[in-house]
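Participant: For the sequence shown, the numbering used here begins at 5 and goes up steadily by one.
C-beta: ideal position from N, C-alpha, C; glycine also.
Provided herewith is a single structure, encoded as structure tokens, for subsequent inquiry.
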Amino acid sequence: MAAALGARGARLSSLVALRGGRRGLAAKMQWLRFGSGHGPCCWADLCDERQHTPSISILRKLAQSTSHSLQSSDSQLLTAEERNQILLELKKAGWSELSEKDAIYKEFSFKNFNQAFGFMSRVALQAEKINHHPEWFNVYNKVQITLTSHDYGGLTRRDVQLARFIEKASVFV
């Protein structure tokens, strides 16, 4: 198929080949931007020639290739039993339940902005890895985090997984 599409097809098959590796979205975006030696402001490798922007089909393929496959059980809403047990554990660690959002919330305080930002960076890397991103707010040394799975309408195991990681990350700042 790549041969039938010519040079653009060859570039597309190179992009798809990246899918199987351990590279994340950042590496793929860098490949898109710098793959042919064009400067950082040119998407010439995979662009709509008239506008020098990536075509919609290319962006769709990129999005599909970067979705991290978690087991479906990680994305299911917590059962009542799981919820009671897990929320008790998280509440002991300082998390609170936001019943109006079916979410959990916690505010973290650090010595300074650098520590807060370092913490957020570690959480961001993990969130990207598991394809689950928190709602958060940062002012100077304070970070407020809310976790819920909007796609599923409430708390899932993935929220719990990220909350547990956040707890560990906050200790090692």
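If you reduce the DSSP assignment to three classes, tell me which class Ser174 lands in.
Facilitator: On the sequence shown, position 170 is the one that residue 174 refers to. In this structure, Ser174 counts as helix in the three-state DSSP scheme.
Participant: I need the boundaries of the alpha helix (DSSP H) containing Gln89, first residue and last residue.
Facilitator: The residue labelled residue 89 in the question sits at position 85 within the sequence shown. Segment Ala84 to Lys96, the alpha helix (DSSP H) holding Gln89.
Participant: Would you give the residue range spanned by the alpha helix (DSSP H) that Ser125 belongs to?
Facilitator: For the purposes of this step, residue 125 is taken as the residue at position 121 of the sequence shown. Its alpha helix (DSSP H) spans residues Phe117 to Lys133.
Participant: Which class does Phe114 belong to by DSSP, given the choice of helix, strand or coil?
Facilitator: As a first step, residue 114 must be located in the sequence shown, where it is residue number 110. Residue state, collapsed to three classes: coil.
Participant: Looking at C-alpha atoms only, which residue of Lys115, Ser103 and Lys110 is the closest neighbour of Phe176?
Facilitator: By 1-based counting over the sequence shown, the position of residue 176 is 172. Answer by Cα proximity: Lys115.
Participant: From the DSSP output, in three-state form, read off Tyr156 for me.
Facilitator: By one-based count along the sequence shown, residue 156 stands at place 152. Tyr156: helix per DSSP, three-state reduction.
Participant: Given a cut-off of 7 Å, decide if Val147 and Phe112 are closer than it, judged by their beta-carbon atoms.
Facilitator: Numbered from 1 along the sequence shown, position 108 holds the residue referred to as residue 112. Numbered from 1 along the sequence shown, position 143 holds the residue referred to as residue 147. Yes. Within cutoff.
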